[in-house]
Amino acid sequence: MKQWIRLLGLIVFSALLPNTVVAQAVGGYAAGCQFNAQALPPFGPGFYVLRASRERYYGQSSLIEYLQNLGNKLDQAQFPAMLVADMAKERGGPFAYGHRSHQSGLDADIWLRTPPHTIDSRQLETLSAQDMVNHSHYTLSPHFKDQQRLLIALAAQDPKVSRIFVHPLIKQAMCKAYGDAPWLSRLRPWFGHSKHIHVRLHCPTGDSHCEPQAPVTPGTGCGSELASWINDKDGRLSSGGKRKPYRPTLPKQCQGWVK
Ligand SMILES: [Zn+2]
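According to mature numbering (1 follows the signal peptide of the UniProt record, and there is no 0), the residues represented by the sequence shown are -25 to -1, 1 to 234, in order.
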């Protein structure tokens, strides 16, 4: 009898376990880690995961939901699927190479190129990005079309989004197309980001270990702030170059957890 009670207890306990474990983004976007991350499936309505072999397709549940919703919207609008590049490692933390952020499961890169009509897992490993900016003339390239504008607009409209980093010329094009739409404030001009956009979500509600970034300045950001980026064309030169591996001091909970 005792054994039965123990067995029953064990069954109840393991059934409850997944619900009692709460997902967590810990620390900052550029010095943090994540617990109970979920994987974005390799593909779904309106999206494909690029370079799955790198295993950078993990994120907090809010990020997975956000990307799946965005894919659904593109699919419903009968627009081509988006190509999702780096998100985070399963436990988060800094990458061995590449970006500084993407550490707490709340950042995702989305390529701006239109994917080929048919695409298989091998192509998803080898496909190359397309530049939306002609850097020698400092103008947008002919690759930047309605599809790219719609993708960025849909991506920015979701209130889960804290900010999206885009090349200054892309922000300028979005300002021209969408006038004074309030979500334009979430599009932040930044170096690089002419082949992809970088989406950063807010800290999930109730996640007390997640360090939020200062809110974006109110207003569309289409005026003098954007003009200063456009005039400072050195921005285009600062995007490239290999950087040394970035090793920030991680919050205590992440130490020994991040591989
Ligand atoms: Zn990024």
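All C-beta atoms, glycine included, are put in the ideal place defined by N, C-alpha and C.
inquiry  = Taking DSSP's pairing of strands, which residues face residue 8 in a bridge?
reply    = Residue 8 is bridged to 1.
Checklist entry - Is it buried or exposed for residue 77, if we count other Cβ within 10 angstroms and need 16 for buried? => result Burial call: buried.
| request: Check residue 50 in the structure and name its three-state DSSP category. | output: Note: residue 50 maps to helix in three-state DSSP.
message = Can you tell me whether residue 71 is helix, strand or coil according to DSSP?
response = Residue 71 carries a coil assignment under DSSP once its states are collapsed to helix, strand and coil.
field: Rounded straight-line distance, which links the Cα of residue 70 to that of residue 231
entry: Distance between the alpha carbons of residue 231 and residue 70: 15 Å.
Given a threshold of 16 other Cβ atoms within 10 Å of its Cβ, counted over all protein chains shown, does residue 4 qualify as buried or as exposed?
Classification of residue 4: buried, given that the 10 Å Cβ count is 16 or more.
Three-state secondary structure assigned by DSSP to residue 221:
Looking at residue 221 - three-state DSSP - the assignment turns out to be coil, as it is neither helix nor strand.
> Does DSSP put residue 82 in a helix, in a strand, or in coil?
Replying inline: For residue 82, the three-state secondary structure derived from DSSP is strand.
Can you give the Cα-Cα distance for residue 87 and residue 8, rounded to whole angstroms? Residue 87 and residue 8: Cα-Cα distance of roughly 27 Å.
Would you decide whether residue 215 is buried or exposed? Buried here means 16 or more other CB atoms lie within 10 Å of its CB.
Confidence in residue 215 is poor, its pLDDT being 45 and thus under 50, which makes the residue's placement unreliable; the coordinate value appears in the next sentence. By the neighbour-count rule (16 or more Cβ atoms within 10 Å), residue 215 is not buried but exposed.
### Under the three-state DSSP convention, the category residue 13 falls into
Under the three-state reduction of DSSP, residue 13 is assigned to strand.
(message) Under 8 Å, Cβ to Cβ, is there at least one residue of chain B near residue 92?
(response) Considering every chain present, this structure includes no chain B. It has just one protein chain.
Give a yes or no on whether the C-beta atoms belonging to residue 105 and residue 64 are separated by under 8 Å. A distance of 8 Å or more separates the beta carbons of residue 105 and residue 64.
task = Look at residue 22 and residue 57 and say whether their C-beta atoms are less than 8 Å apart.
result = When the beta-carbon positions are compared, residue 22 and residue 57 come within less than 8 Å of each other.
Do residue 62 and residue 99 come within 8 Å of each other at the CB atom, strictly closer than that value? No; because the gap between Cβ atoms is not below 8 Å, this pair is not in contact.
beta-carbon residue 112 near ligand 1 non-hydrogen atom, thresh 7 Å: Taking non-hydrogen atoms of ligand 1 into account, the C-beta of residue 112 is found less than 7 Å away from none of them.
In this structure, does DSSP put residue 228 in helix, strand or coil? The answer is helix: DSSP assigns residue 228 an H, G or I state.
Inset, instruction - Report the rounded CA-to-CA distance for residue 142 versus residue 85, giving the unit in angstroms. - result: Near 13 Å, if we compare the C-alpha coordinates of residue 85 and residue 142.
- Query: Between the beta-carbon of residue 43 and the beta-carbon of residue 179, is there less than 8 Å?
  - Reply: Taking the C-beta atoms as reference points, residue 179 is found no nearer than 8 Å to residue 43.
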